[in-house]
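full-length UniProt numbering numbers the first residue of the sequence shown as 1 and each following residue consecutively.
Cβ atoms here follow ideal geometry from the backbone N, Cα and C, with glycine treated the same way.
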Amino acid sequence: MNMEARVGVVVEGGQRALNTAHSSVVDASARKFLQQPQQPQHNLSVPKRSLNQHQAQIGTVQQLLAGGIAGAFSKTCTAPLARLTILFQVQGMHSDLAALSKPSILREASRIANEEGFRAFWKGNLFLQSVLGLDNHRESASVNLGVHFVGGGLAGMTAASATYPLDLVRTRLAAQRQAIYYKGIWHSFQTICREEGFLGLYKGLGATLLGVGPSIAISFSVYESLRSFWQSYRPNDPTVMVSLACGSLSGIASSTATFPIDLVRRRMQLEGAGGRARVYNNGLLGTFRYIIQSEGLRGLYRGILPEYYKVVPGVGIVFMTYETLKMLLSSVPTSF
Numbered sequence: 001m002n003m004e005a006r007v008g009v010v011v012e013g014g015q016r017a018l019n020t021a022h023s024s025v026v027d028a029s030a031r032k033f034l035q036q037p038q039q040p041q042h043n044l045s046v047p048k049r050s051l052n053q054h055q056a057q058i059g060t061v062q063q064l065l066a067g068g069i070a071g072a073f074s075k076t077c078t079a080p081l082a083r084l085t086i087l088f089q090v091q092g093m094h095s096d097l098a099a100l101s102k103p104s105i106l107r108e109a110s111r112i113a114n115e116e117g118f119r120a121f122w123k124g125n126l127f128l129q130s131v132l133g134l135d136n137h138r139e140s141a142s143v144n145l146g147v148h149f150v151g152g153g154l155a156g157m158t159a160a161s162a163t164y165p166l167d168l169v170r171t172r173l174a175a176q177r178q179a180i181y182y183k184g185i186w187h188s189f190q191t192i193c194r195e196e197g198f199l200g201l202y203k204g205l206g207a208t209l210l211g212v213g214p215s216i217a218i219s220f221s222v223y224e225s226l227r228s229f230w231q232s233y234r235p236n237d238p239t240v241m242v243s244l245a246c247g248s249l250s251g252i253a254s255s256t257a258t259f260p261i262d263l264v265r266r267r268m269q270l271e272g273a274g275g276r277a278r279v280y281n282n283g284l285l286g287t288f289r290y291i292i293q294s295e296g297l298r299g300l301y302r303g304i305l306p307e308y309y310k311v312v313p314g315v316g317i318v319f320m321t322y323e324t325l326k327m328l329l330s331s332v333p334t335s336f
């Protein structure tokens, strides 16, 4: 599920994860990728004890910092694809957005570059939201699955709820095209609170929390199943390659299954935006019903292609950044 907190599973949820979302996010696949223990290379001359001592120097605060920054950097790198996803998701909601009747990633990317400028690809990219909505912590492989799902779900709900206003503001900024109604983050907060009330910052939160369970279950089960299957046939393959492949596929599976919920969330976030009339007035289920009746089942998957395209680079970037930061932070003296 492309939540920037990536509810329930972070670093991704995501984020998509976390993320985030983001929230997704970064995504559930990225967190599993980071948690995969690295197998010692037999051709290295560094003793195993030395490696363990080096790993022990990485404290919890350092891991949280490295995971948060890695997730935010990955979100920033894949922000152009994330904005394309949002634009396609809200297609058909209003007459001006309905102009995207035949979605084309290249055509829409060219339009953004020509009409809005290159910087517009990063509209709504909130570095702070990615850092706050993501964390990374170690878990024992023997942890009970029920504890993992419940704990991950509660953690994801908490992270998604805490950063949700930022996610809503990000969606509204990213969905703007030629007409600019929200002029920045602070202006968006002020305008939404003034015109829609404080609760306006939490439109669509129900859809976000609804996706917690499916996002965690699908990402975790697909990742573990693929990894076990792979290692049973090719046990000598590098851990990094196995984790990247399995993490990417689990992210694609999770996004495919939960994308309709994410699309509904995006549209509910835009309800009443910019003084527009409300489109969906019947809650979460009513919104699903309205979209299916007016746009068909395919309407629930608008924007799925750019979502797919950012999975592999997102997982790769967050892993490499995380490992680099971990090495740098491990050399910094700390009392934590």
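Hey, how far is the Cα of residue i from the Cα of residue j?
| i | j | result |
| --- | --- | --- |
| F198 | G124 | 20 Å |
| G283 | L325 | 43 Å |
| S23 | F319 | A caution first: S23 carries a pLDDT of 39, below 50, which makes its placement in the model unreliable, though a value can still be read off. Roughly 17 Å separates the two Cα atoms. |
| L270 | V150 | 30 Å |
| M241 | E224 | 15 Å |
| A175 | P235 | 46 Å |
| T85 | E307 | 6 Å |
| G274 | Y182 | 8 Å |
| residue 339 | A217 | In the structure displayed, the chain extends from 1 to 336; residue 339 sits before or after that span and is not available. |
| L154 | T191 | 31 Å |
| Q178 | E295 | 25 Å |
| G316 | F73 | 11 Å |
| G204 | S331 | 43 Å |
| S161 | T60 | 23 Å |
| L64 | L328 | 14 Å |
| L201 | W230 | 44 Å |
| D167 | V279 | 20 Å |
| residue 341 | I291 | As displayed, the chain neither begins before 1 nor continues past 336, which places residue 341 out of reach and without an answer. |
| L263 | Y309 | 17 Å |
| R298 | Q91 | 12 Å |
| A245 | P80 | 23 Å |
| E323 | E195 | 44 Å |
| S215 | T258 | 7 Å |
| L305 | L87 | 12 Å |
| A113 | L106 | 11 Å |
| C193 | C77 | 30 Å |
| E115 | R289 | 34 Å |
| R172 | V222 | 32 Å |
| G314 | Q293 | 34 Å |
| A277 | A66 | 43 Å |
| F189 | T239 | 44 Å |
| G206 | G303 | 21 Å |
| S110 | R83 | 13 Å |
| Q62 | S243 | 22 Å |
| P165 | D237 | 43 Å |
| K75 | G68 | 11 Å |
| G272 | Q89 | 16 Å |
| G117 | T163 | 28 Å |
Write down the C-beta distance between residue i and residue j rounded to the nearest angstrom, noting that I regard them as a contact closer than 8 Å.
| i | j | result |
| --- | --- | --- |
| L226 | L249 | 6 Å |
| G251 | V311 | 4 Å |
| Y301 | P260 | 7 Å |
| R267 | M93 | 6 Å |
| T321 | A70 | 4 Å |
| S254 | S228 | The Cβ separation is near 18 Å, so there is no contact. |
| I185 | V169 | 6 Å |
| R265 | T208 | 5 Å |
Going by DSSP, what residue range makes up the alpha helix (DSSP H) through residue i?
| i | result |
| --- | --- |
| R265 | T239 to Q269 |
| L205 | L205 to L210 |
| F288 | G283 to E295 |
| V61 | T60 to C77 |
| R119 | Element bounds for R119: n/a, residue is neither H nor E. |
| Q190 | I185 to E196 |
| A109 | I105 to R111 |
| G314 | V311 to S330 |
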